[in-house]
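**Q**
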Amino acid sequence: MSEKTVHRRSAAPATRPETSGKALELRGVRKTFHTAQGPFEAVAGIDLSVGTGEIVAFLGPNGAGKTTSIDMMLGLTAPTSGTVSVFGKSPRAAVEAGEISAVLQTGGLLRDLTVRETVTAIAALHGAKDRIEEVMERTNLGALARRKVSKCSGGEQQRLKFALALLPDPRLLILDEPTAGMDVSARHGFWETMREDALQGRTVLFATHYLEEAQDFAERTVLIGSGRILADGPTTELRGMTGGRTVGATLPADLAIEPALAALKSLPRVTSVQIQGNRVSVTGPESDAAAMMLLTELGAADLEITTPTLETAFMALTEEH
Amino acid sequence: MNATYVRIELFRQSRDIGNIMFMVFMPVVMYVLFGNMFGGGGADAGNGNVKFYIMASMAAYGAAVATTSIAGTAATESMLGWGRQIALTPMKPAGFVASKVSVAMIVAAVSAAAVYIIGIATGAQADAPWVWWSSYLIIVLGAGIFALYGMGVGLSFKSETAIGVASSGMVFFAFFGNVFLPLSGTLLEIARFTPMYGYAGLARYPLMEGAMANGRDSTDSLWMLVANLVAWTLIFAGLALWAVRRTRARQ
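Quick mapping for you: the protein sequence lines, in order, are chains Z and H. No gaps in the numbering here: position 154 of the first sequence is 1606 in my numbering, and each next residue is one more. No gaps in the numbering here: position 192 of the second sequence is 1218 in my numbering, and each next residue is one more.
(1) Decide if the segment 1174-1185 of chain H is in contact with the segment 1091-1108 of chain H; the criterion is three or more beta carbon pairs, one per stretch, under 8 Å apart.
(2) Contact check, residue 1715 (chain Z) vs residue 1744 (chain Z) under 8 Å by CB: the rounded distance?
(3) Taking contact to mean 3 or more Cβ pairs, one atom from each stretch, closer than 8 Å, check whether the segment 1519-1534 of chain Z and the segment 1573-1592 of chain Z are in contact.
(4) Is residue 1116 (chain H) close to chain Z? Criterion is C-beta to C-beta, closer than 8 Å.
(5) Quick check on residue 1219 (chain H): buried or exposed, where buried means 16 or more other Cβ atoms within 10 Å of its Cβ?
(6) In chain Z, which residues lie with their C-beta within 7 Å of the C-beta of residue 1107 (chain H)?
(7) Between Z:1572, Z:1699, Z:1686, which has its C-alpha nearest residue 1561 (chain Z)'s C-alpha?
(8) Between the segment 1161-1174 of chain H and the segment 1029-1049 of chain H, can you find at least three pairs of beta-carbon atoms closer than 8 Å?
(9) Please report how far the alpha carbon of residue 1642 (chain Z) lies from the alpha carbon of residue 1535 (chain Z), in whole angstroms.
(10) Hey, could you find the ends of the alpha helix (DSSP H) residue 1033 (chain H) is sitting in?
(11) Given a cut-off of 8 Å, decide if residue 1245 (chain H) and residue 1257 (chain H) are closer than it, judged by their beta-carbon atoms.
(12) Bridge partners of residue 1510 (chain Z), per DSSP?
(13) Just the chain Z side, please: which residues come within less than 9 Å of residue 1030 (chain H) by C-beta, in chain order?
(14) For the segment 1183-1206 of chain H, list every residue whose C-beta sits within 8 Å of some C-beta in chain Z, in sequence order.
(15) Under 8 Å by Cβ, that's how I've got residue 1627 (chain Z) and residue 1659 (chain Z) pegged, so tell me the actual separation to the nearest angstrom.
(16) Give me the Cβ distance between residue 1028 (chain H) and residue 1128 (chain H), rounded to the nearest whole Å; I'm assuming they're in contact under 8 Å.
(17) Between the C-alpha atoms of residue 1108 (chain H) and residue 1570 (chain Z), what's the straight-line distance to the nearest angstrom?
(18) Under 8 Å Cβ-Cβ, which residues of chain Z neighbour residue 1103 (chain H)?
(19) Compare the beta carbon distance of residue 1564 (chain Z) and residue 1613 (chain Z) with 8 Å and say whether it is the shorter of the two.
(20) Is it the case that the segment 1105-1122 of chain H contacts the segment 1190-1206 of chain H, given that we only count it when at least three CB pairs across the two stretches are under 8 Å?
(21) By a C-beta neighbour count over all protein chains shown, 10 Å radius and 16 as the cutoff for buried, is residue 1688 (chain Z) buried or exposed?
(22) Can you give me the start and stop residues for the alpha helix (DSSP H) that residue 1608 (chain Z) sits inside?
(23) In the DSSP assignment, find the beta strand (DSSP E) that holds residue 1491 (chain Z) and state where it starts and stops.
(24) Could you give the first and the last residue of the continuous alpha helix (DSSP H) run that contains residue 1053 (chain H)?
(25) When burial is assigned at 16 or more other CB atoms within 10 Å of the CB, is residue 1254 (chain H) buried or exposed?
(26) Who are the near neighbours of residue 1697 (chain Z) in its chain, counting only those whose CB is closer than 8 Å to its CB and skipping five residues on each side?
(27) So, at 7 Å on beta carbons, what are the nonlocal neighbours of residue 1702 (chain Z) in its own chain, with the 5 sequence-adjacent residues on each side left out?
(28) In whole angstroms, give me the CA-to-CA distance for residue 1083 (chain H) and residue 1265 (chain H).
(29) For residue 1495 (chain Z) and residue 1230 (chain H), I'd like the C-alpha separation in whole angstroms.
(30) Which runs of the beta strand (DSSP E), 3 residues or longer, sit entirely within the segment 1704-1747 of chain Z?
(31) Do the CB positions of residue 1684 (chain Z) and residue 1699 (chain Z) come within less than 8 Å of each other?
(32) Could you name the residues of chain Z that residue 1034 (chain H) contacts, counting a contact when the two beta carbons are closer than 9 Å?
(33) Exposed or buried, which one is residue 1721 (chain Z) when buried takes at least 16 other CB atoms within 10 Å?
(34) Locate the beta strand (DSSP E) running through residue 1701 (chain Z), then write down its first and last residues.
(35) Given that residue 1526 (chain Z) touches chain H, what residues does it touch there, using C-beta distances under 7 Å?
(36) Check residue 1470 (chain Z) in the structure and name its three-state DSSP category.
Structure (C-alpha cells):
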C-alpha cells in the first residue's frame, strides 16, 4: 500500500515522481459515446495510478463506467481525451509484449471449441505454447480439457477465461467482474485460485459490484460512479468511505431509553441513533464499539450488524458532491 | 497469421457437419445432376467436353459458397466477443482477416477438389493437363473475393441470420454469373456486370477461352472478365473494411 489516506475526487490526486514501479497510469481520461439520444459521457475524467504488486478493486454499480475504463486500459477502445499508459507503454504495446492481460466480463469464447483447443489457439497467438500445461493445471482445467465450451458451466467458462489471461504470464492482470453469475462456492473457488496467483507478484485490478469482494481481496479500493472516481484508498477504510455499518439490537424492556441513547450517541464517529419501540439502530464507521456497549453495558439482545448496500453508499457519496 | 490458429479453426469448421455437407457435397451432387441430366455431356466444348464445363461451373459455385459461409462466421464470432479475446493477444486485425481467408480458401480447395475428382471419375475431359490445373487454381484463388463478401455482409448484419443472407445472395450471383445455366440475350448483357460473372468466366477460360456455351452470343475477352473480377474485389474489400470499422466504433 502506497497511500494511507482516503482522498476524495475533489482533492487533487497525489502526484508522485515518475518511478519504474508504476503498472498503470490514467491521466484525465474521458470517453464519450455518440448514441441516438446524443453524446453520452461514459467516463468523465479519471486519474488513476496503480503501483506494481498492488491489488486494487474497482468498485461501482452497473453503468458506472467500469467496463469502458477497462477497455481503455486494454487498448480495446481509445479514450476521447487523456492518456493511458501500462508500464510506461501504450496499452496495445503492453498487450503485444504480454505484460497486460484480462478476463473480460461477458462472452469471449467460441462455443464449439473444446477447452484445450481454446487454450491452445490463444497460447499460439501469444507464442506461449510451452505454458499450456502449467496454466491448465493451475486453473484446474485438466479434467475439462476435452469438453466443449458450450457444455461448461458459467464458473468453468470463467476459469477458462482466467486461464487464457494467464497464458502470456502478464505482470498486470485485469478482471472485469470475473465472478458475475457464479454461485457462492464457485466465487470462493475462483478467488482462491486468484489469490494464489496474485501472490506471485502480479499487479491485479478487478472490477466488481460486490462490496464483500473488494473487502476480502483488495488492499485498495477505487470507488467509481457516473464515470468519475468518488473515493480511492485502503479497503480497510471502505467503511468510512461508504458511510459505515448499522448495528441493530433490542433493548431490555426495563431499561431507561433516554440515557441509553445518549450513551450510544456519545460513542466516537456515530452518525445516527434511531429507536423504534425498543429496537435501536446505531450507524457509524465503528460498529464494534456500539456492539460492545449494547451487549455489555446495556444488556441488549438480538444484535445484528449490517453493511450498507453499495447503492446507499453511492447515494451518500454522490450527494456530497 | 498463425499456423496453429488456422489449424484449430479448420478443425472447428470441419466439425460443423451440416455446413460441410452444404459446402462440399452439394456442389458434387449438383455437378452429377446437371452433368448427366440432359445427356450430351460427352459432346465437345472448347478444349474439352460439356461435362468439364459443368464441372468447372459447379466447383466455382461450391468454392465461392464455401468462402462466403466460412468468412461469414466472423460475424457470429464477433457477437460472441471472440474478437475482443483476440484483441488481447498480439494478433492484429489484418492477421485475423488473413487467417479467416486462409481457412475459407482451404475449405474452398477441398470443395473444388471433390467436384474435380468426381469429374475425373465420371467422364469430364480436357485436351491437356494445363486446362485442369489452371481452371482449378483460378477457382480456389478467385474464391477469396467471396470471403471478403461474406465477411462484409456478415459483419454488417451482425446476427445469426447474416450467413443465411450472404449465402442466399450467392444463389442470385450464381444465376446471373452464368453458372447454373447458360444465359443469352439481354439477360446475358446484364449478367456481365454481376459479381460472379468474371470469376466463373475465368474458371472456364482455360476450357472455353471466353466463348459462350451456345456458340452464338459474343465471346468474352480475357480483360473484360479480369476487369469484372477486379472491380468486384475492390467493392467487396471496401464493404468488408467498412463493416470492420463499424463494428469497432460500436464497442
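Glycine is no exception: its CB is placed at the ideal position from the N, C-alpha and C atoms. These numbers were taken from a predicted model, which means no experiment stands behind them.
**A** From the atom records:
(1) yes
(2) Along the first sequence, read from residue 1 onward, the residue named residue 1715 (chain Z) stands at position 263. Along the first sequence, read from residue 1 onward, the residue named residue 1744 (chain Z) stands at position 292. With a beta-carbon spacing of about 12 Å, residue 1715 (chain Z) and residue 1744 (chain Z) fall beyond the 8 Å limit used to define contacts.
(3) no
(4) Along the second sequence, one-based indexing puts residue 1116 (chain H) at 90. Closer than 8 Å: yes.
(5) Here residue 1219 (chain H) refers to the residue found at position 193 when the second sequence is read from its first residue. Label assigned to residue 1219 (chain H): exposed.
(6) Counted from its first residue, the second sequence places residue 1107 (chain H) at position 81. Result: 1556, 1558, 1559, 1560.
(7) Sequence index remark: in the first sequence, residue 1561 (chain Z) carries index 109 (1-based). Ranking the options by Cα distance to residue 1561 (chain Z), first place goes to Z:1572.
(8) no
(9) Taking the first residue of the first sequence as 1, we reach residue 1642 (chain Z) at position 190. Taking the first residue of the first sequence as 1, we reach residue 1535 (chain Z) at position 83. Looking at the two C-alpha atoms, the distance is approximately 32 Å.
(10) As a first step, residue 1033 (chain H) is located in the second sequence; it is residue number 7 there, counting from the start. Run containing residue 1033 (chain H): 1029-1040, per the alpha helix (DSSP H) assignment.
(11) What you label residue 1257 (chain H) is simply residue 231 of the second sequence in a count that begins at 1. What you label residue 1245 (chain H) is simply residue 219 of the second sequence in a count that begins at 1. No, they are not a contact pair.
(12) For this step, residue 1510 (chain Z) is matched to residue 58 along the first sequence. Looking at the DSSP assignment, residue 1510 (chain Z) forms a beta bridge with Z:1659, Z:1674.
(13) To locate residue 1030 (chain H), count along the second sequence from 1; it is residue 4. Neighbours of residue 1030 (chain H) on chain Z, chain order: 1572, 1573, 1575, 1576, 1577, 1581.
(14) none
(15) Within the first sequence, residue 1627 (chain Z) is the residue found at index 175, counting from 1. Within the first sequence, residue 1659 (chain Z) is the residue found at index 207, counting from 1. At roughly 7 Å, the Cβ-Cβ gap stays under 8 Å, so residue 1627 (chain Z) and residue 1659 (chain Z) are in contact.
(16) Numbered from 1 along the second sequence, position 2 holds the residue referred to as residue 1028 (chain H). Numbered from 1 along the second sequence, position 102 holds the residue referred to as residue 1128 (chain H). 10 Å between Cβ atoms; not a contact.
(17) Locating residue 1108 (chain H) in the second sequence gives position 82, where the first residue counts as 1. Locating residue 1570 (chain Z) in the first sequence gives position 118, where the first residue counts as 1. When rounded, the distance between both Cα atoms is 11 Å.
(18) Residue 1103 (chain H) sits at position 77 when you count from the first residue of the second sequence. Per Cβ cutoff of 8 Å: 1562.
(19) Start at 1 with the first residue of the first sequence, and residue 1564 (chain Z) comes out as number 112. Start at 1 with the first residue of the first sequence, and residue 1613 (chain Z) comes out as number 161. No. Outside cutoff.
(20) no
(21) To locate residue 1688 (chain Z), count along the first sequence from 1; it is residue 236. By the 10 Å Cβ count, residue 1688 (chain Z) comes out exposed.
(22) On the first sequence, residue 1608 (chain Z) is found 156 positions in, with the first residue counted as 1. From DSSP, the alpha helix (DSSP H) with residue 1608 (chain Z) extends over 1606-1618.
(23) For this step, residue 1491 (chain Z) is matched to residue 39 along the first sequence. Element bounds for residue 1491 (chain Z): 1490-1503.
(24) What you label residue 1053 (chain H) is simply residue 27 of the second sequence in a count that begins at 1. Its alpha helix (DSSP H) spans residues 1052-1063.
(25) Residue mapping note: residue 1254 (chain H) aligns to position 228 of the second sequence, counting from 1. So residue 1254 (chain H) counts as buried.
(26) By 1-based counting over the first sequence, the position of residue 1697 (chain Z) is 245. Cβ neighbours of residue 1697 (chain Z) beyond the five flanking positions: 1691, 1735, 1736, 1737, 1739, 1757, 1758, 1759, 1760.
(27) Here the question's residue 1702 (chain Z) lines up with position 250 in the first sequence. Sequence-distant Cβ neighbours of residue 1702 (chain Z) in its own chain, meaning closer than 7 Å and more than five residues away, are 1730, 1731, 1752, 1753, 1754.
(28) The residue you call residue 1083 (chain H) lines up with position 57 of the second sequence. The residue you call residue 1265 (chain H) lines up with position 239 of the second sequence. In a straight line, the C-alpha of residue 1083 (chain H) is about 26 Å away from that of residue 1265 (chain H).
(29) Taking the first residue of the first sequence as position 1, residue 1495 (chain Z) is located at position 43. Taking the first residue of the second sequence as position 1, residue 1230 (chain H) is located at position 204. Near 58 Å, if we compare the C-alpha coordinates of residue 1230 (chain H) and residue 1495 (chain Z).
(30) 1724-1728, 1731-1736
(31) Residue mapping note: residue 1684 (chain Z) aligns to position 232 of the first sequence, counting from 1. Residue mapping note: residue 1699 (chain Z) aligns to position 247 of the first sequence, counting from 1. Cβ distance not < 8 Å, so residue 1684 (chain Z) and residue 1699 (chain Z) don't count as in contact.
(32) Position 8 of the second sequence, counted from the start, is the residue given in the question as residue 1034 (chain H). Correct list: 1565, 1569, 1570, 1572, 1573, 1576.
(33) Translated into the one-based positions of the first sequence, residue 1721 (chain Z) becomes position 269. With fewer than 16 Cβ atoms within 10 Å of its Cβ, residue 1721 (chain Z) is classed as exposed.
(34) Here residue 1701 (chain Z) refers to the residue found at position 249 of the first sequence. It spans 1697-1702 - the beta strand (DSSP E) in which residue 1701 (chain Z) sits, taken as one unbroken run.
(35) For the purposes of this step, residue 1526 (chain Z) is taken as the residue at position 74 of the first sequence. Within chain H, the residues near residue 1526 (chain Z) are 1114.
(36) Locating residue 1470 (chain Z) in the first sequence gives position 18, counting from the first residue. A caution first: residue 1470 (chain Z) carries a pLDDT of 40, below 50, which makes its placement in the model unreliable, though a value can still be read off. In the structure shown, residue 1470 (chain Z) sits in coil (DSSP, three-state: anything other than H, G, I, E or B).
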